[in-house]
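K.L.:
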Amino acid sequence: MLLGYNTNGLAHHRWDDAIRLIAEAGYRSVAITVDHHCLSPTSREFRSQLLQTQALLDRFKLRCVIETGARFLLDPRRKHQPTLLSPTAAERQTRQQFLRECVGIARALDADAVSFWSGTAVDAAEADELWGRLRDGCRRLA
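Each residue of the sequence shown is one higher than the last, beginning at 1385 in this note's numbering.
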C-alpha cells in the first residue's frame, strides 16, 4: 500500500504544480481527478498534458490512480451529472464514454485503478430500475 493524495486537495493550483507538491510532501502516489484543467479528454491540451503527467510521475517515481468525480465537467449546471443512474440512455452514455476515456488515460499512465461511483437517483425510478441501469452501465464498461 502506498500513501497518496488527491489533486482535488490542491484544486486551486495548476495541475502540474499539484503533482510536484504532492511528491515534495513525501507521498508516493497521486489520485488524479480528470477535470476541466487536468487531462480533460476534450481539451486541446490533452495530449501534451498526458505526456507531461507521464514525465512528472516518472520523475518523482509516483504511482497514480484516476478519479472520475469532477463536479461540473460533463454538465455545467448539475454537479456530478450525468451518472450511470441518470434517467435517459443518452445521459448514461455520456457518463460511460467519459469513463472509457478515463480508462484510456489510466492505461497511458500505467495507473493502478480508476475510481467511479454509480451516482444518485434524480428521478422517481424504483430500485430495480436503478439497479438495472447500474448493471447495464457496468457491463458496457467491462
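Note that the Cβ used here is the ideal one computed from N, Cα and C, for glycine as well.
Are CYS1448 and LEU1493 closer than 7 Å when you measure CB to CB?
P.N.:
Yes, the Cβ-Cβ distance between CYS1448 and LEU1493 is below 7 Å.
K.L.:
In the DSSP assignment, what residue or residues form a beta bridge with CYS1522?
P.N.:
CYS1522 is not bridged to any residue.
K.L.:
Closest to THR1417 by C-alpha separation, out of LEU1525, PRO1460 and VAL1498, would be which residue?
P.N.:
Comparing Cα-Cα distances from THR1417 to each of LEU1525, PRO1460 and VAL1498, the minimum goes to VAL1498.
K.L.:
Between GLY1410 and chain D, is there a C-beta pair that is closer than 7 Å?
P.N.:
The structure shown contains no chain D; it is built from a single protein chain.
K.L.:
Which residue's Cα is closest to the Cα of THR1478: PRO1466, LEU1387 and HIS1397?
P.N.:
Checking every option, the nearest Cα to that of THR1478 belongs to PRO1466.
K.L.:
With 16 as the cutoff for other CB atoms within 10 Å, does GLN1480 come out buried or exposed?
P.N.:
The residue in question, GLN1480, is buried, as its Cβ has 16 or more Cβ neighbours within 10 Å.
K.L.:
Straight-line CA distance for PHE1456 to ALA1473?
P.N.:
Rounded to the nearest angstrom, the two C-alpha atoms are 19 Å apart.
K.L.:
Relative to the alpha-carbon of ALA1458, which residue among LEU1483, LEU1446 and ASP1442 has its alpha-carbon at the smallest distance?
P.N.:
The identity of residue 1458 in the sequence shown is Leu, whereas the question assumes Ala. The residue with the shortest Cα to Cα distance from LEU1458 is LEU1483.
K.L.:
Where does THR1391 fall in DSSP's three states?
P.N.:
In this structure, THR1391 counts as helix in the three-state DSSP scheme.
K.L.:
Measure the alpha-carbon distance for ASP1419 versus CYS1486 and round it to whole angstroms.
P.N.:
So the alpha carbons of these two residues sit roughly 11 Å apart.
K.L.:
Using 7 Å as the threshold, is the C-beta distance between ALA1468 and LEU1518 below it?
P.N.:
Before going further, note that residue 1468 is Leu rather than Ala in the sequence given. Going by C-beta atoms, LEU1468 is nearer than 7 Å to LEU1518.
K.L.:
Near SER1427, what residues of its chain come up, given a Cβ to Cβ distance below 8 Å and the 5 sequence neighbours on each side ignored?
P.N.:
The answer, listed in chain order, is HIS1420 and GLN1433.
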